[in-house]
Amino acid sequence: NILVSIKVTDKPFGIATDFSTDLAPGLHVFTITAGYMEIVDVISLLKERGIDEKTIFYGIENIVSDKLIWRFYGLIKKVSPPFIQFYDMPTEKIHGVVTRVVM
Numbered sequence: 174n175i176l177v178s179i180k181v182t183d184k185p186f187g188i189a190t191d192f193s194t195d196l197a198p199g200l201h202v203f204t205i206t207a208g209y210m211e212i213v214d215v216i217s218l219l220k221e222r223g224i225d226e227k228t229i230f231y232g233i234e235n236i237v238s239d240k241l242i243w244r245f246y247g248l249i250k251k252v253s254p255p256f257i258q259f260y261d262m263p264t265e266k267i268h269g270v271v272t273r274v275v276m
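Using my numbering, the letters of the sequence shown correspond one by one to residues 174 to 276.
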């Protein structure tokens, strides 16, 4: 099992990857660090490291609040492109996990 973490830096360009195998027995971490203007092809970065994905789980938050600022943030999140569309993930391998966040 491999956890993939995508970190966006405050620099505009540059992509770096790191593969850690010492998290726990059978659990590894693949970290992608990218500049905020980079278009990251996650699947090709995984393949470069010899990782063949079988199933991809991703998390998304549903923000609920009665406070105006958090409702506005929730609206921005709803009109933004979804994770799988933004990173061009293979839809036949995707499973989403939705978490409802009450602010």
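Where a beta carbon is used, it is the ideal one built from N, C-alpha and C, also for glycine.
Can you tell which of G187, E211, I233, I179 has the C-alpha that lies nearest to the C-alpha of P254?
Working through the sequence shown from its first residue, we reach residue 254 at position 81. It is I233.
Under 7 Å Cβ to Cβ from G269, same chain only, skipping five residues before and after it: list those, please.
On the sequence shown, residue 269 is found 96 positions in, with the first residue counted as 1. Within the same chain, G269 has close Cβ partners Y231, I233.
CA nearest to the CA of Y209, picked from G223, D195, P185:
Residue 209 sits at position 36 when you count from the first residue of the sequence shown. Here the closest residue by C-alpha is P185.
In chain order, what are the residue ranges of uninterrupted beta strand (DSSP E) at least 3 long that sit wholly in the region 196-274?
200-208, 229-237
Under a three-way DSSP split, which group does F186 fall into?
Walking along the sequence shown from the start, residue 186 turns up at place 13. Of the three classes helix, strand and coil, the one that applies to F186 here is coil, per DSSP.
Between I236 and the rest of its own chain, which residues show a CB-CB distance below 7 Å, the 5 nearest in sequence each way excluded?
On the sequence shown, residue 236 is found 63 positions in, with the first residue counted as 1. Around I236: W243, Y246, G247, K250, V274, M276.
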